[in-house]
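Here the structure comes first, spelled out in structure tokens, and everything after it is commentary.
Protein chains in written order, with our numbering: chain A, 1 to 738; chain B, 1001 to 1234.
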């Protein structure tokens, strides 16, 4: 085979491509010769951490992934769960961390585009987007620029494609100064008997390329995402892709229209490593070979080499295997939507990836041996040492501050302050199916198009807990997602995970990963809450400084009727406020500790999974019976912050009883498995009876009343004051840049 | 009432519009592809929101030259009612059915929130079911909603009753010089949110009445617009 015009391959070049010496030697062994330049490029992306999961796979396999509700677990483009009545919910969360740090607007925008394609490639119409963002310290000189660019990028893409962005979370911590996290999630709906998979079938079937043209953008993006950052990372800007949401919108409509016909055998988007991973994965899953003629690939630039075409990460492209003879039907649809359509190859029985261009062969290698030889590592790991318990004195409230001052400080700290400045840049209402969006309920709620049935969506993770105790932190992230879905009344169905960690070659970091997986696996099992899709982002380190371990959990729940969903806002005067669950006043790793005492120590709160399940079932039952007016789980900031958020959301205050002797642990402890509910006064006794019968501890906190929080030492903390503090921080912070 | 909803590449609120029209009239509207050159016989043409052609040129500028727009203009000349919402307002303004232009929001950011509007003129099928001066709540979701026109035109719009809606505070003030609570979300001249043509047969507005028509939306303030159209045009 000819290798004309291709640079000579060497071990040194392999290293530049991110392969180790051992990996390069395996490549030589499999091929029985030196790979060509194009082959080396393909092998290096197939074996990159990003595509091969070589450090994480051993542990990901331990997560529970099955259940009666699961139609398709991990391994496809996204996970699929059964929503009843022949409906399927398809969802996934994915990171775009490295590109978003280098070029925040395009990095975040293309992150949204990529996750949308993962979902609609399986036949689903996307109906909701969420995002989980972590930025560095607000004082860091880059943070403002990154917040501004990431949010504008997400808005640019999500708004144009017409998918509502209904929620998410945003945290700030110095550990993200050099590596921000941009985790985007898409949820779609399909008919359970019309789901499209990626395994190619049918020797001789045409391989079709649709969507945007291929350019030189994003070459070796997957390799970039598999290495630590250093000071010169900004020189990597050319590897960041550019998104075109208008083309994506056309691609969604065209693909869904084609899916209405019976022309498709298999379909996959061209994501990381573009044409390489889509063609290799589709052929590999089908046990077939694939031959591509790159002259036929629609190209945006002149003089592109096979290497560049195979590794380009140009956006808004899909690869489709059609049934024979259906090319004209398919082409007519893509013509209507003014998108490129090209037959670029065929499926073969050789088991090989063959790439031709200009009449020459540039790659001729067996798929299965290369895929199967993709390295798997059992990296050494160290468990995270247990944090020392806090001293009892920490529970004594400071004498020099009023409760109002403490509360004001916590609700205005960067993690807890209102993110309105962010979410108002997202179209949360398009499609007219949004019931609850950011700030209104513990989970976003949309109804399925044309139906009354709804789904609830949440993203959760408390990285400070995960740093102190990865096992507990992993379990807590899953438990909080379960709680947020239960708090709106939705039955938790399944989870997608987005594992963001530092360099796995360091045993301490690998130990965080292993611990988080263990905690997540325990929680998913105990809560019947399987993992159906996910993504791993490692090497989130700059100059040796790792991010906080951040196993972000995205989760979806089902509502038989979206209208039964309950938000957090207090709605009426005189409702009875109830506390569901009980705690010991756990202040370790709490916001109170960090914001008021300036400490970030102690163990995170323990998670009792049996209690989580029991209390969640209890709250869902009450909501299904229509007994709950307002509902909010207790999380960051503890009980008093939770009540304050309910008051701020509804503009109705609360008269709280029995707080006179309460210490900081009672008021601000972050014990898990708890909810604050407001119920009509006439239903309070019945709810307490039900709690007794279910063995759930429920106590009366007071009643909704007036325009302030009252009940302790005569101090009235007005909602207006809290709201001002809560709303002012982010716009004030961002305005300082403008 | 028979209605047509025009779909451009990049339209994304056509389903919201269809749902609102169908709920009010009991009849499914026709969806008309932008490359079509003929319209069915209808009483109302709705140009929906979205990002036609990605809005990569000026918002609405490309769509205004789509083949179907010649027919839309011809029907509008014959008195068929035309409702342009958000990107639809931008498109029909670019097409010359309404005066003025929609510029980038004053704060240069896309904004999605519920705003207060004052109904300025009820002498049209679009607004007949409201009271003059009534304060209503509609959501907005746009990046280019900053209405501008020359001083002479704005005087004429005001004098001839062509201003349909103004952004106001929840107390109902429309003084554009007093804007402490950001109630004019985009910096529109004279707080203008929506305008009629001279005959009040064409309405363009940035806010979305179609996303405020049911208990599910938690807001029914947009419903009288569709009910009014059905009553007048059936």
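The C-beta atom is built at its ideal place from N, Cα and C for all residues, glycine as well.
Source: prediction; values computed, not measured.
Close beta carbons around residue i, own chain, < 8 Å, minus the five adjacent residues each side
i                       : result
residue 126 of chain A  : 116, 119, 120, 161, 163, 186, 187, 188 and 252
residue 1253 of chain B : Examination of residue 1253 of chain B is not possible in this model, given that chain B is present from 1001 through 1234 alone.
residue 1037 of chain B : 1067, 1068, 1070 and 1071
residue 609 of chain A  : 475, 479, 522, 523, 526 and 527
Per DSSP, the bridge partner or partners of residue i
i                       : result
residue 1137 of chain B : B/1116
residue 497 of chain A  : A/534 and A/553
residue 1049 of chain B : Paired residue(s): none; residue 1049 of chain B is not in a bridge.
residue 1082 of chain B : B/1045 and B/1202
residue 1157 of chain B : Residue 1157 of chain B pairs with nothing; no bridge assigned.
residue 82 of chain A   : A/88
residue 1030 of chain B : B/1004
residue 188 of chain A  : A/90 and A/126
residue 167 of chain A  : A/130
residue 266 of chain A  : A/321
Outcome for residue i when other beta-carbon atoms lying within 10 angstroms are tallied against a minimum of 16
i                       : result
residue 1034 of chain B : buried
residue 1158 of chain B : exposed
residue 98 of chain A   : buried
residue 111 of chain A  : buried
residue 728 of chain A  : exposed
residue 1142 of chain B : buried
residue 732 of chain A  : exposed
residue 203 of chain A  : exposed
residue 695 of chain A  : exposed
residue 712 of chain A  : buried
residue 584 of chain A  : exposed
residue 68 of chain A   : exposed
residue 538 of chain A  : buried
First and last residue of the uninterrupted beta strand (DSSP E) at residue i
i                       : result
residue 675 of chain A  : 675 to 679
residue 365 of chain A  : 360 to 366
residue 641 of chain A  : Careful: residue 641 of chain A lies outside any beta strand (DSSP E), inside the alpha helix (DSSP H) at 638 to 650.
residue 444 of chain A  : 444 to 447
residue 130 of chain A  : 125 to 135
residue 712 of chain A  : 708 to 712
residue 291 of chain A  : 289 to 293
residue 1129 of chain B : Here residue 1129 of chain B belongs to no beta strand (DSSP E), and DSSP marks it neither H nor E.
residue 256 of chain A  : Taken as a continuous stretch (DSSP letters only), residue 256 of chain A belongs to no beta strand (DSSP E), being part of the alpha helix (DSSP H) at 245 to 259.
N- and C-terminal bounds of the alpha helix (DSSP H) containing residue i
i                      : result
residue 733 of chain A : 719 to 735
residue 692 of chain A : 684 to 694
residue 59 of chain A  : 57 to 60
Cut-off 7 Å between Cβ atoms - residues of its own chain near residue i, not counting five sequence neighbours on either side
i                       : result
residue 560 of chain A  : 453
residue 1089 of chain B : 1102, 1204, 1205 and 1206
residue 370 of chain A  : 30, 43 and 46
Short Cβ contact (8 Å threshold) for residue i with residue j
i                       : j                       : result
residue 1117 of chain B : residue 1056 of chain B : no
residue 416 of chain A  : residue 636 of chain A  : yes
residue 1023 of chain B : residue 1213 of chain B : yes
residue 56 of chain A   : residue 513 of chain A  : yes
residue 190 of chain A  : residue 124 of chain A  : yes
residue 159 of chain A  : residue 460 of chain A  : no
residue 171 of chain A  : residue 412 of chain A  : no
residue 557 of chain A  : residue 492 of chain A  : yes
residue 749 of chain A  : residue 379 of chain A  : This structure leaves residue 749 of chain A out entirely; chain A is present only between 1 and 738.
residue 47 of chain A   : residue 374 of chain A  : yes
residue 134 of chain A  : residue 604 of chain A  : no
residue 996 of chain B  : residue 1002 of chain B : A question about residue 996 of chain B goes unanswered here, because the residues of chain B that appear run from 1001 up to 1234.
residue 1196 of chain B : residue 1162 of chain B : yes
residue 407 of chain A  : residue 644 of chain A  : yes
residue 674 of chain A  : residue 634 of chain A  : yes
Own chain partners of residue i with C-beta closer than 6 Å, once the 5 adjacent residues on each side are dropped
i                      : result
residue 298 of chain A : 213, 340 and 342
residue 288 of chain A : 200 and 347
residue 942 of chain B : The structure shown has nothing for residue 942 of chain B, since chain B only spans 1001 to 1234.
heavy atom of the ligand ADP below 7 Å from residue i C-beta
i                      : result
residue 656 of chain A : Because no ligand of any kind appears in the structure shown, any question about the ligand ADP cannot be addressed here.
Selection of the region 418 to 440 of chain A by Cβ proximity to chain E, strictly under 7 Å: Within the model displayed, chain E is absent; protein chains A and B are what it includes.
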